[in-house]
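Working notes for the structure below.
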């Protein structure tokens, strides 16, 4: 498992300069270390936000990490075992402490929709870059409110 990381190395200078950024804990769950590490590296390179990213390669271990790090966003790979994936999503959405967590599916292709109903959003793995990840997280954490005319 990768350790939690911060996108800025020196918080002291951020404080001295009066720049404040919220820390946003993010958990990435998947069974492919190369893909998950790539997403992790993309997230921590985003300088405009202070993402605290964790990676987990097993759904069973993810419960401990969720309880410990209290992520605001979870990226979950759709290549995990379907039964375990649905169980995790059901538990997270039914628990009062975790139902606020935004869950974003990492999709390998657009043809398989079996978990889309249970997640807040999704992204194709081929489309992932720093700008898109940042906008996707921002959109899910701060949704636009409808305006009346």
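In the numbering used here, the protein residues as written are 128 to 276.
From the three backbone atoms N, C-alpha and C, an ideal C-beta is built for every residue, glycine too.
Check your understanding: In terms of alpha-carbon separation, which member of 184, 194, 264 lies closest to residue 218?
Key -> 194
Check your understanding: Nearest-angstrom Cα distance between residue 256 and residue 262?
Key -> 10 angstroms
Practice item. Find out if the Cβ-Cβ distance for the pair residue 231, residue 190 is shorter than 7 angstroms. Key: no
Review point. Which parts of the region 169-249 are runs of the beta strand (DSSP E), unbroken and 3 residues or longer, counting only runs that do not cross its ends?
Key: 177-183, 200-204, 229-234
Review point. Would a C-beta distance cut-off of 7 angstroms place residue 198 and residue 153 closer than the cut-off?
Key: yes
Review point. Measuring CA to CA, which of 158, 269, 150, 149 is closest to residue 233?
Key: 158
Check your understanding: Ends of the alpha helix (DSSP H) at residue 255?
Key -> Residue 255 -> no alpha helix (DSSP H), and no H or E assigned at all.
**Study point:** Identity of the residue in 268, 170, 210 nearest residue 227 by Cα
**Key:** 268
Exercise for review: With DSSP collapsed to three states, give me the class of residue 270.
Suggested key: coil
**Study point:** Beta-carbon spacing of residue 192, residue 211 below 7 angstroms
**Key:** no
Point to revise | Straight-line Cα distance separating residue 168 from residue 179 | key: 11 angstroms
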